[in-house]
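Comments concern the structure below.
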Amino acid sequence: MQLLLNKDNYLDYIDVNAEIHFDTLERFVKKATHEFLLDSIFGIGNELYNELTALVTPSDKEQELIDLICTALGDYTMMCFITKHSVQVSGAGVVVVKSENTAPASDKKIEKLEKEYYQGAFTFLEKVFVFLEENKSDFDTWVMSDSYTIRNELFVSSVLEFKKIISEVKTRVYYMKLRAYLAQAETTLLRSELGTELIVTLKDQVIAKNVEEKYQYIVEQIKVATANHAFAHYLNMQGEEMEAVVLQCKQVAKEAMIAVTDTFKSDPELYPDYPNHKEEYNRLIGNNGEHDSQFLTF
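Numbering (full-length UniProt numbering), first residue to last: 1 to 298.
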């Protein structure tokens with residue numbers, strides 16, 4: 001594959017001097033490209049990457065984007081490089097690189113640098129996505145790809161929407177990691193309880209930014225429910241020891257969905273088909289009035 005960060009420009013983006021040739025760095029650049037920039041969940045997407053590497057004379061905006069991407073790649077490359085380049089594997093085993101005039105950096109110093117480069121890489125990847133969102137009309141390939149960071153197929157369609165509900169989610173990378181959990185939450189919480197027809201109607205109004213006044217509270221609670229449900233299940237899957245946060249998010253999601261169903265019960269004209277829509281057989285919440293026993297699988 002063609003490399004966006006290559007022998008012609010690597011000294012502009014990677015913190016090394018000219019004594020270190022690109023051949024020494026190439027495998028780390030490839031690792032950064034595949035493992036980080038083109039990650040299947042939060043990367044920029046192969047479509048955009050291939051388009052950028054094929055450019056002969058980039059426009060000003062394309063060059064600005066390439067600069068941001070290569071800066072992110074440069075930091076991730078250095079993160080990989082400094083941990084591996086400080087040691088060598090020889091016939092004597094794994095040895096520390098040392099010469100008459102130099103000594104290896106301490107483990108503490110290497111760990112500090114590694115953390116700084118890691119943070120720098122993701123900071124600039126966030127800048128890449130912000131730039132793309134602000135200039136989306138110039139990057140149709142990205143907008144049409146699965147890597148587009150605004151997901152109109154979801155009620156909580158962007159990181160800006162998500163962090164209004166859960167402030168810990170601040171970056172587009174984090175949001176992209178949560179996409180699958182948001183989709184699962186919509187299926188688990190919404191379609192079986194409310195039915196596909198209503199969900200499609202509400203989502204169309206959300207996309208059009210024209211939610212009818214009678215549905216505004218419903219949509220608000222749906223966003224709260226799906227965001228909290230998704231975040232709870234994401235934390236569980238990551239194995240993070242945040243049981244209290246997980247339980248709190250599940251409780252908030254539960255209360256939001258009860259608020260939705262109670263609204264329909266108290267005002268049948270809002271949704272005459274509730275609760276007898278086509279998908280009621282798979283309902284989690286139920287309609288027997290006993291809220292505490294209705295979320296056994298929540």
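Note that beta-carbon positions come from the ideal geometry of N, C-alpha and C, so glycine has one too.
Predicted, not measured: the structure shown is a model, and the values here were computed from it.
Go through its chain and collect everything with a Cβ distance to residue i's Cβ below 7 Å, but skip five positions before and after it.
i, result
"T53", "Q2, L4"
"S157", "I150, R151"
"A32", "L73, Y76, T77, C80"
"Y217", "T263"
Can you tell me which of the three DSSP states residue i falls into?
i, result
"T149", "coil"
"M1", "coil"
"S106", "coil"
"V55", "For the sequence presented, residue 55 should be read as Leu rather than Val. L55: coil per DSSP, three-state reduction."
"I258", "helix"
"I69", "helix"
"D60", "helix"
"P275", "coil"
"G45", "coil"
"F124", "helix"
"M242", "coil"
"S40", "coil"
"M144", "coil"
"D267", "coil"
"F139", "coil"
According to the neighbour-count rule (16 or more other Cβ atoms, all chains shown, within 10 Å of its Cβ), is residue i buried or exposed?
i, result
"L198", "buried"
"S40", "exposed"
"Q119", "exposed"
"D146", "exposed"
"I207", "exposed"
"A253", "buried"
"H233", "buried"
"G239", "exposed"
"E269", "exposed"
"A185", "buried"
"M237", "exposed"
"L194", "buried"
"A244", "exposed"
"Q63", "exposed"
"A169", "In the sequence as displayed, the identity of residue 169 is Val instead of Ala. Burial call: buried."
"Q221", "buried"
"T71", "buried"
Suppose the cutoff is 6 Å on Cβ atoms and the five residues either side in sequence are ignored; what does the same chain contact list for residue i look like?
i, result
"E47", "T141, S145"
"F22", "K7, Y10"
Quick one: what's got a C-beta closer than 8 Å to residue i's C-beta in the same chain, skipping five residues either side?
i, result
"K223", "F155, V156, E161, I165"
"T201", "none"
"K214", "L270"
* Pick out the complete alpha helix (DSSP H) segments inside the stretch 5-37, 4 residues or longer, and give them in chain order. => 10-13, 22-32
* Quick one: any contact between the stretch 136-146 and the stretch 68-87, if contact means 3 or more CB pairs under 8 Å? -> no
* Could you tell me which uninterrupted alpha helix (DSSP H) segments, each at least 4 residues in length, are contained entirely in the stretch 150-192, listed from first to last along the chain? => Runs found: 159-165, 172-185.
* Kindly confirm or deny that the stretch 108-125 and the stretch 65-78 touch, where touching means at least three C-beta pairs closer than 8 Å. => yes
* Asked: Is there contact here, the stretch 31-47 with the stretch 168-184, by at least three beta-carbon pairs under 8 Å?
  -> yes
* To do: Output the residue ranges of the alpha helix (DSSP H) runs that lie fully inside the stretch 192-240 and measure 4 residues or longer, sorted by chain position.
  => 196-207, 213-238
* Three or more beta-carbon pairs under 8 Å between the stretch 161-169 and the stretch 224-237, yes or no? -> The stretch 161-169, when compared against the stretch 224-237, does touch it at the 8 Å Cβ threshold.
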